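Engineer: Structure incoming, see below.
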Amino acid sequence: MAKRDHFGSKIGFVLAAAGSAIGLGAIWKFPYMAGTNGGSVFVLLFILCTILIGLPILLAEFIIGRKGQADAVTSFKKLAPRKPWFVIGLAGFFFSIIILSFYSVVGGWILSYLIRAITFSLNGTSETFYEDLFNSVISNPWEVIVGQGAFIFLTLWIVSGGIQGGIEKASKWMMPLLLIFFLVLAVRSLTLEGAMEGVKFLFVPDWSYFTWETALLALGQAFFSLSVGVSAMITYASYLPKETRLGNSALSVSLLNIGVSIMAGLVIFPAVFALGFSPNEGPGLVFIILPAVFEQIIFGQFFLILFFVLLLFATLTSSISMLEIVVSIGIKSKYERRKRAAWVYGILIFLIGIPSALSFGILSDSHILGMSIFDFADFFTSSFGLPLGALFISLFAGYVLTKSELQNDLKVNQFLLNTWRFIVRFAAPIAIIIVFIQGVMKLFV
Ligand code: TRP
């Protein structure tokens, strides 16, 4: 039996964890969720949920993973022998499969757009060009399925080959480059005429927009974009050597994630208002607005290609973390089965994702609880699976792990340790339960 891989350095781990966190959640989902849920109120709730609930639970996942030194199911079994806590890991396995099934659909859209960018066919010829283009891409059954399949293939190829290290090294410079891009785009977007409306939309809260459903969506968004709730971060932290300072890593990942989300908002919304689009476009928002903003900058057509390459990388560093948790649980410690498992689960996820892929085209009349199949898969995982998983991970960290072993693990001062323990024992579980019940009730009543 081969030895388990380990991260070579602390920065390697932070990059991998940040790579998992920062992806479509911040860049694609955050803007459109904010756009369809009243803007600033959603933004504020998202930031609060990330700092007060998401960050402490992210840290809990890090601690559990590093202590366990194994896949999520085995880690829970090791830390709480003969208790049912390992079910959290199994639930994570199940929900990760569903998340990746629709995540890869959007990955496929990115591939479609990348190819169009390379062939220079992404330049607007009419007012509604980008909207029409997006609708024709997502409703074309062959294009979406081939795109989704190609994206899953890239993901499983990386996971099976163990060349993850290479990807993470590449993302060491790709991520900063993506940020620089966002900075330039934000400046361009903010200097368009009428841009201030977008800034107001993002930052000046109008509390009449507050609903419990929005709170639940913001909580789900915080978990989704931190990759928290399905044990993905437990899996990554299990490859960690003993002496990493976990608190700092969790804080960096959370702040980076909020930063990228806000930057994406600052690129999208000023342009939405300045160019006369509507903020509630839904899942197409980024795909419709971004090419329109690139059109406004010099050499935009070239930069657009580079941008989609970077976006593809950010997306892949997230999707590999989802497949990684599935594969690691699937193979337990039988290292040599990795390749086959990556293929088997990859194909399974592809098949499960097909209805989501088709739900903007030939399946657009199929609805579950009033949502399209794609939206339902997203809602079922983000607003149900992730909060529930996070709740139990929080309880596990708060009640199963003892204070003295935590003291040993975290090496932080008493005040920080006590604050964190208060959150994972009481504050976070209560907040999740309240938001969850209120949000779900709104949906069914
Ligand atoms: N956080 C990633 C993003 O924002 C998506 C992701 C990766 C994820 N792994 C996850 C979401 C595990 C939930 C659970 O794009």
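All you need for this note's numbering is the position in the sequence shown, starting with 1, plus 152. Beta carbons are placed, not taken as given, at the ideal position from N, Cα and C, and that holds for glycine. Source: prediction; values computed, not measured.
1) From the DSSP output, in three-state form, read off I449 for me.
2) Who pairs with I520 in a beta bridge, going by DSSP?
3) Can you tell me where the alpha helix (DSSP H) with Q300 in it begins and where it stops?
4) Report the CB separation of F228 from L398 in whole angstroms; it is logged as a contact under 8 Å.
5) So the alpha helix (DSSP H) R234 belongs to, where does it begin and stop?
6) Between which residues of its own chain and Q453 is the CB-CB distance below 8 Å, once the five residues before and five after are set aside?
7) Considering only the alpha carbon of each residue, which of G244, G299, S278, L252 lies closest to L266?
8) Mapping DSSP to helix, strand and coil, what is G191?
9) Taking 8 Å as the threshold (C-beta atoms), are L403 and L569 in contact?
10) Is it buried or exposed, M593, if we count other Cβ atoms within 10 angstroms and call 16 or more buried?
11) By Cβ distance below 6 Å, which residues in the same chain neighbour I584 in space, the five residues on each side in sequence not counted?
12) Going by CA-CA distance only, name the one from T188, I575, A466 that's closest to L369.
13) Whole-angstrom Cβ separation of L176 and Y282, contact assumed at under 8 Å?
14) Taking 7 Å as the cut-off, is the beta-carbon of V382 closer than that to any non-hydrogen atom of the ligand TRP?
15) In angstroms with no decimal places, state the Cα-to-Cα distance between W325 and G417.
16) Tell me the rounded alpha-carbon separation between I199 and S473.
17) CB-CB under 7 Å to G346, same chain, minus the five flanking residues each way: which ones, in chain order?
18) Among the residues of its own chain, which have a CB less than 6 Å from the CB of S524, if the five just before and after it don't count?
19) State the Cα-Cα distance for the pair R218 and G171, rounded to the nearest angstrom.
20) Are the Cβ atoms of V380 and I251 separated by less than 8 Å?
21) Just to confirm, are L464 and T307 a CB contact at a threshold of 8 Å?
22) Could you give the residue range of the alpha helix (DSSP H) that holds W572?
23) Counting Cβ pairs, one atom from each stretch, are 3 or more of them under 8 Å apart for the segment 222-237 and the segment 479-498?
24) Quick one: does the C-beta of G411 sit closer than 7 Å to a heavy atom of the ligand TRP?
Structural biologist: Taking the geometry as given:
1) In the structure shown, I449 adopts coil according to DSSP, grouped into three states.
2) Checking the DSSP bridge columns, you'll see I520 partnered with M523.
3) Unbroken alpha helix (DSSP H) run through Q300: 293-313.
4) In this structure, F228 and L398 do not form a Cβ contact; the two beta carbons are roughly 18 Å apart against a cut-off of 8 Å.
5) Membership of R234 in any alpha helix (DSSP H) is not indicated, and neither H nor E is assigned to it by DSSP.
6) Shown here for Q453: same chain residues with a beta carbon closer than 8 Å to its own, the five before and five after excluded, namely A269, F272, L274, N275, F446 in chain order.
7) Answer by Cα proximity: G299.
8) Three-state result, G191: coil.
9) Remark: C-beta atoms of L569 and L403 do not approach each other more closely than 8 Å.
10) Around the beta carbon of M593, fewer than 16 other beta carbons lie within 10 angstroms, which makes this residue exposed.
11) Correct list, in chain order: P539, L543.
12) Cα-wise, what sits closest to L369 is T188.
13) Going by Cβ atoms, the distance from L176 to Y282 rounds to 19 Å, so no, they are not a contact pair.
14) Flag set: Cβ of V382 near the ligand TRP.
15) C-alpha separation (whole angstroms): 22 Å.
16) Approximately 23 Å between the Cα atoms of the pair.
17) Within the same chain, Cβ atoms closer than 7 Å to the Cβ of G346 are found at F425, A426, the five residues on either side in sequence being excluded.
18) So the list reads S511, once near-sequence residues are dropped.
19) Just so you know, the alpha carbons of R218 and G171 end up roughly 18 Å apart.
20) Going by C-beta atoms, V380 is not nearer than 8 Å to I251.
21) No. Outside cutoff.
22) From DSSP, the alpha helix (DSSP H) with W572 extends over 566-574.
23) Output reads yes: the segment 479-498 touches the segment 222-237.
24) Placement of the Cβ of G411 at a distance of 7 Å or more from every heavy atom of the ligand TRP is found.
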